[in-house]
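Chains as they are written, first to last, in the numbering used here: chain A, 933 to 1271; chain B, 933 to 1271; chain C, 20 to 381; chain D, 166 to 702.
Ideal Cβ positions, reconstructed from N, Cα and C, are used throughout, including at glycine.
In this text the structure is predicted, and so the values were computed from the model without any measurement.
Since the structure comes first, as structure tokens, the remarks are kept for the end.
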Amino acid sequence: MTDTATKRTPSLRPTGARVGAWSEKYGLLVIWAVLIVVFSVIEGPIFLSLANWQSILGSQSVLLLLAVGLLIPMTAGDYDLSVTGVLGISSMTVALLNVQFGWPIWAAVAAAILASLLAGALNGAIVVFFGVDPFISTLGTGSVFLGVIYWMSNSNTITGVSPELSAWVVGGKILGIPPAFYYGVGACAIVWFVLKYTVFGRQMLFVGRNKPLSRLAGMAVGRLRFLGLVISAFAAGIAGVVYAGTTGSADPTSSQSFLLPTFAAVFLGATVIQNQRFNAWGTLIAVYFLVTGITGLQLLGADSFVQPLFFGGALVVSVALSQFSRRRDAAGSERLGHG
Amino acid sequence: MTDTATKRTPSLRPTGARVGAWSEKYGLLVIWAVLIVVFSVIEGPIFLSLANWQSILGSQSVLLLLAVGLLIPMTAGDYDLSVTGVLGISSMTVALLNVQFGWPIWAAVAAAILASLLAGALNGAIVVFFGVDPFISTLGTGSVFLGVIYWMSNSNTITGVSPELSAWVVGGKILGIPPAFYYGVGACAIVWFVLKYTVFGRQMLFVGRNKPLSRLAGMAVGRLRFLGLVISAFAAGIAGVVYAGTTGSADPTSSQSFLLPTFAAVFLGATVIQNQRFNAWGTLIAVYFLVTGITGLQLLGADSFVQPLFFGGALVVSVALSQFSRRRDAAGSERLGHG
Amino acid sequence: GCSSPSHSSSSPSASSQSSAAGVAAAQAALTKAEAVPSYTAPGPAFDAAKAAGKHVFYIPQTSNVPFVVAVQKALSKVAATAHVDLTVWPTTGKSTEWVQGIETAISQKADAIILGASPDALAPQLAEAAAAKIPVIVLHQYDTSMTLPANVKAFAFAPFVPAAKLLADYAVASTKGSADVLVITSNELKPSPPMAAAVSAELTSTCPKCTDTEVNVAAADWGSKMQSSVQAALLRDPKINVVIPLFDSSSQFVTAAITAAGKADSVSIATFNNTPFVLDLMQKGSPVKMDVGESINWIGYAAMDQVLRVLSGVKPLTNESAPLRVFTTKNVSVVGSPSDNEKGYSTSYVNGYLKLWGLTSK
Amino acid sequence: MTLDDQQIVPEDRQDAPEPSMLRVRNVSKTFGETRVLREVSLDIAAGETRGLVGENGSGKSTLIKVLAGFYQPDPGAEISVRGRQVAGSLTPLGARDLGLTFVHQDLALVPSLTVSDNMTVNALAASRSWRVSPKAEARSTQKLLDEYGLGIDARAAVSSLTQLERAMVAIVRAIDGMRESAAHGQAGLLVLDEPTVFLPKADRGLLFDLARRHTSDGGGVLFVSHDLEECLEVTDSITVLRDGRLRGTVPSKGTDRADIIRLMVGKELNLSSRRPTPPAHLPVVRATGLNGTSVRDVSLELGPGEIVGITGLLGSGFDELPYLISGAGQGATGRLAVGEREFDLASMRPVDGIRAGIALVPGDRARQGSVASLSVLDNLSVQALPTARAWFGIDWRRLRTVGQRLIATYDVRPQKLDVAYGTLSGGNQQKVLLARWMQTNPGVILLHEPTQGVDIGAREQIFDIVRAGADAGAAVLCASADQEQLSLLCDRVLVMRDGAIVAELLGGDISKAAIARESLGSARQSVPPASRRAATS
Ligand SMILES: Nc1ncnc2c1ncn2[C@@H]1O[C@H](COP(=O)(O)OP(=O)(O)OP(=O)(O)O)[C@@H](O)[C@H]1O
Ligand SMILES: Nc1ncnc2c1ncn2[C@@H]1O[C@H](COP(=O)(O)OP(=O)(O)OP(=O)(O)O)[C@@H](O)[C@H]1O
Ligand SMILES: [Mg+2]
Ligand SMILES: [Mg+2]
């Protein structure tokens, strides 16, 4: 049978398929490159300047950390809509303990991470013990976390977080780029390694694709999903610390604004490198692709309404393109996503 | 085999199961009733007053219309995250054309509905022709619509929508409840009928559960999904008109705040009446259950952080309970699928 | 009262002279506003005893901001003194909640409604309240220069435009007439467009060489977009030396952007609202160098003045507002640590208002 | 019960001298209110191949999933392997540790992942290391696949494989896992739940060789199949389940099919013989120049009342034909005439086929045929909806009446419309699926493996349904690798090789042997389509 299959393959097919597979893997990189060229032509030196790239690379660590952490439960098929709530809890904990209670910064950071882990454990427990779909349970806990943030902070913005933290996050630049960028890249590397080269990551992948099968294969499905949600909360906790360090403060509401960009980055990232699979480097590329476009527009002085237009348009177009190339050579089976 | 099974059933068993099935269907109604009793005891006559109930019932039409429209694509398995974007476009179109361009209100409303249908058609086209997962494509178009709203309105709030519209929406009360409430209930009835008693509704259900089957059974899967997204946009368009009528104005940002409550209502609604199935009356109950709790808290003058706590907590707890009763009588419904 | 004399820079030779004059005028306005504001009776005295026993409903824009909590405290205090029954309807910033609040107030036959939420989004409900003969007093959303909504009985005004002028004055004065200003607007907020216009107009009139650019960042996006927007703007125009976020609750993001761009020493921030955490920032040393705003407690008293007038059947005032005070690094220490902007005001207004209402003896 | 119980070898062999390979006592399993297994006890000796048979829904898969640790049995069960008593509850990992290896009925593969990913799934949970190495896995998987001469690319996605290749992957995975456990000391028990449904007879030899090698190493095999002849052939003894109860165990030698059927069904079963060949008429379906992914330039004709079988080896393309003719083939070309209507396959959609009176009963029930989470009534109603309109809504009362009549006619058990389709056993699922289509009175019935995994009693009922359809004038095309089924059901059998029809067997010429010969291709010339039809008339 394989013989016949090989026999029947027209000689042109492999090349075509290879181009398809390549564009599927690196299509977004190409679009990114085109974008850079276009902006360079329009704006010249400013866009290409070191300072601009430092600003592009340095400004999205919080988003990157959030998105990369979210990859883990998403791989196991679990949406976590509460990551931004955890982000808020973490940054608020740091600010509150450090500023109002006078804790040393390391203790405040440790407490923030601990609080995030607890929040993740709550998510995990609801999903695993009560069997509630994570999309809805984390929608609920996200709201609960928001309530907790209001309660903690008394709805106040808290400023004056120890400059030590800011030094660790945005001070001491390497190649002119703040440390936070390297934390984000480091997190990407870890998540990439975990998903690709560890038993845990592989198990998460199977859990995400077929739960009964995973159970049958002896995986502790509940524990894995629990862990996945704890890990995304942990990453959101770190993102919260970075956020507090970046702004030297914490406010009760702004963390919510990261929710849609985070999901956009995760989904868009799943169209690069390993198409149809959530992956860390793809997510990194997606984040910086989007921010490149937006920064370019900002440098152009484009009206502010252009930003959401670009953001949404870029998302739809690049996913559509990757989908398109995939369709061409494979009769699509199942795909990413829910239920 | 059936005989023996019936023979062996202990007499108590069916009752237990019936209680389970009952609590599964009406559990949320019971929780709602408990909530009402609790608030009545605490707050006495104010909470129970006719006026309070008129206000509770009258206040959530926009949310209800959004959620009920969303049911249709959700039944077909398609998340539509752009409904709030369409809501904004619709209300902004009404306000802009009526106030700034001086169109008569009926023409402005017609244009708003048309704009919403176009937005829905865009969503549908992206999903059907490019095969992009609706979760991600509507995330993108939602952002695009937001950009359009900013562009249309120049980021300004537009006031002074013709009182005629308000009269149709919140004037001329019937039983002391504004017309908007009856529109919401009417939409529920229509969606309920469509999902249960029309070929279209049944086809949507099958498309949502099994696309290959639907295709083989002769359904035009693409067209159905397209229609589903157009319908949710249509409902969002009507909701936008109601929103403009309720507030007599349109602003560029507030529509976004409906996104999470809409999804919460839809998912919570799927735990009532017909468990595990998106359904209109369940959604109606979910909406008014949540608003009852929040209104009760507002009447109590509870601290504002209690609201998100209640919202999230109620969501998680009621879904967990319904899940729990379902679990008790059916041993986990997952089975080894082929995908 | 900080309107500077208008002038024209018709001839180039006059321009440097007029520029120096502009700087001086700006500095003068600023210096005046840095002083502790004094209380002057906003209008004729009246007997607030007639308001006793009446029921007032307060609907804030969103209860999740400290401003609202503080205003609420002031309102409650005055209400208790005047024996007015105050009900607070907590909200989370959604228009449906405001609608429901007004419906509830109408159904409970309140004697007045204090509206912290936007009347723009409530025109039909205001009409309904008017039909039910319930007076509505709008709190801190309009400048006297703005077009006012219908069906509102009285306003407690907010001096948005004078504050904006002071922001521009600061930019002019601090740069000695060579300000390159970045104004960060949030145009979906009602006061933002008139304030931005006022900044621009004041710059044009006092400082011909000054330039300004605007960047609009919606309040909902402050956390995720403000920093990169400001960084991009600084890159695009490296000469920017003053950033004016119109609302100081976004200062921490602007500060972060300026720091990230390595311009903490050359770019200063001037902003509006006197939110305590921003005064904290200023005290601890940050690019925030100027913040203008009002005493929240005073706003509460001003609002209550209008409420009591309405309840007592006295004609409400047309220019009721709390005065502005400018804090700069020079005088910010008066607010103490942690910052409490109420400390920047003499409390003479409390007794002043009580006397105005005839409530001192009780 | 008129059963001759003496025949049954007593299962309770407590006094067995050495610990048996597998010893199961008193296993019961209850789902909600239905008791699916009742006090089942079972012993399998080392070196034994045991068959497990029973009607659909008799509890075979459930028993196996209990052994796999997927379901927890009701309290009171005892399971031991090689004398090692399972303490507490059996988990999937525990089962594997004890040396139990499974090929589950649904194969347990993730289509979107690669063959090599799927190969490692069982090793993952037990892995002692914390890391995986995709490259090495792909290499060793490729080596393994090559060892069995399967010619499957280890890096290909499972979704790109045929059903048959998928089955081979699942089997190779099990065998590899078994070797692994053998390497740890002793050969364990290999459990095969209907592994052969996807395999044509010719390819089953490989599997049985492997099983035999395993038993000769001292391992045991538990083999579930509905193919009783095959079961008798390859097993040492056969255990029969009925309604979740053990009916007994019989030695395979000296037992015949009829005995087992009696144990399974509890009564004699009249196996029908072939029906008379219908008289020839003008064809209902005329397909010319069909091309699909593995079909090349095939032409065929189907007459009214005729049941035509189409078969071949793995990859010969026979299983694609029903889909092509129904208009469901993607990227297909060719021309199709159904009655008066003419279609160009490139533009034909399934709905066109349905309008022309074509019914397609797909082979993959779960993925293409049904919605497990909806009720039987819902599943039945799919095709009837447009006809059941009253005023302007669906007339559910009428649908219900019709549905009740259908499940009674087709003997769907349990005879309830409101149970979830997914809880029916495979045979009953298939009957519902057929009922759904037959109620539309189709003029053309296309079947793909209509009795795959269906028990012998249900199979007869399905045959009857199909024959009734043909007698009512429908043209039937049945694509199947089950040669026995074809020989019983069909009036004419077409055999495909390399995407083309190479032989046609008629009436008395149809036999398992003849089909096998043609499938393997003993150098017969391909018959031009024109002459074929002529031969029929
Ligand atoms: N999870 C479940 N919940 C409820 N009922 C179930 C469940 N799993 C199986 N059943 C029921 O248990 C019975 C036995 O199923 P089982 O899978 O063991 O049958 P089987 O002998 O394997 O049948 P087949 O020959 O069709 O494979 C069936 O009636 C089935 O409907
Ligand atoms: N978790 C479950 N919930 C409900 N029903 C189930 C569940 N697991 C299995 N079943 C049903 O029990 C029946 C038997 O299960 P199984 O998966 O073994 O199929 P089967 O009966 O063996 O199929 P076949 O007839 O092909 O042999 C099937 O009809 C299946 O749908
Ligand atoms: Mg089975
Ligand atoms: Mg079976």
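- Excluding sequence positions up to five before and after residue 1049/B, its CB lies within less than 8 Å of the CB of 1162, 1165, 1166, 1169, all in the same chain and listed in chain order.
- DSSP places residue 191/D in the strand class (E or B) of the three-state scheme.
- Contiguous alpha helix (DSSP H) elements confined to the region 465 to 542 of chain D occur at 486 to 491, 515 to 520, taking only those with 4 or more residues.
- In the displayed model, residue 414/D falls within a strand according to three-state DSSP.
- Runs of alpha helix (DSSP H) with 4 or more residues, each lying fully within the region 76 to 140 of chain C, are found at 85 to 100, 114 to 126, listed in chain order.
- At a beta-carbon threshold of 7 Å, the residues of chain C lying near residue 1102/B are 143, ordered along the chain.
- Taking a Cβ-Cβ threshold of 7 Å, the residues of chain C close to residue 1082/A are 83, in chain order.
- In the assembly as shown, residue 381/D is an exposed residue. Its beta-carbon has fewer than 16 other beta-carbons within 10 Å.
- Contacts with chain B at 8 Å (Cβ-Cβ) include residue 539/D.
- Rounded to whole angstroms, residue 1129/A and residue 1202/A show a C-alpha spacing of 18 Å.
- Taking 8 Å as the Cβ-Cβ cut-off, the region 210 to 240 of chain C approaches chain A at 232, 234, 235, 236, 237, 239, 240, given in chain order.
- What residue 256/D touches in chain A, judged by beta-carbon distance under 8 Å, is 1150, going in chain order.
- Per DSSP, residue 361/C has no beta-bridge partner at all.
- Between the alpha carbons of residue 641/D and residue 457/D lies a distance of about 20 Å.
- The DSSP-derived three-state label of residue 270/C is helix.
- With a 10 Å radius around the Cβ and a threshold of 16 neighbouring Cβ atoms, residue 1217/B comes out buried.
- If the five residues before and after residue 578/D are omitted, its C-beta is found closer than 7 Å to the C-beta atoms of 593, all from its own chain and listed in chain order.
- Along the region 1073 to 1140 of chain B, the alpha helix (DSSP H) occurs as fully enclosed runs of 4 or more residues at 1095 to 1101, 1111 to 1129, listed in sequence order.
- Residue pairing for residue 284/D: DSSP places it in no beta bridge.
- For a Cβ distance threshold of 8 Å, residue set 206, 207, 212 of chain C lies close to residue 1088/B, ordered along the chain.
- In the three-state DSSP reduction, residue 381/D falls in the helix class (H, G or I).
- Look at the beta carbons and you see the region 1136 to 1152 of chain A not touching the region 199 to 219 of chain C: under three pairs across the two are nearer than 8 Å.
- For residue 396/D, the enclosing alpha helix (DSSP H) begins and ends at 393 to 399.
- Its Cα nearest to that of residue 384/D, the residue 215/D stands out among 652/D, 215/D, 513/D.
- Between residue 282/D and the set 1199/A, 963/A, 1127/A, 1086/A, the nearest pair of CA atoms involves 1127/A.
- Among the residues of chain A, those whose CB is under 7 Å from the CB of residue 1195/B are 1071, following chain order.
- Pairing residue 375/D with residue 340/D gives a Cβ-Cβ distance under 8 Å.
- Less than 8 Å separates the beta-carbon of residue 1000/A from that of residue 1120/A.
- Interface with chain A (8 Å Cβ-Cβ cutoff): residue 275/D is included.
- Against chain B, the CB of residue 487/D has no partner CB under 8 Å away; the residue lies outside that interface.
- Around residue 1058/B, the beta-carbon contacts reaching into chain A at under 8 Å are 1248, 1252.
- Taking the beta carbon of residue 1134/B as reference, the chain D residues within 9 Å of it are 543, 546, 547, 550, 559, listed in sequence order.
- Bridge pairing for residue 158/C: 175/C [DSSP].
- Contact of residue 519/D with chain B by beta-carbon distance below 7 Å involves 1150.
- Proximity of chain B to residue 448/D at the Cβ level (cut-off 8 Å) is not reached, the minimal Cβ distance being about 23 Å.
- Using a Cβ-Cβ cut-off of 7 Å, residue 1164/A is close to nothing in chain C; its nearest Cβ partner there is about 18 Å away.
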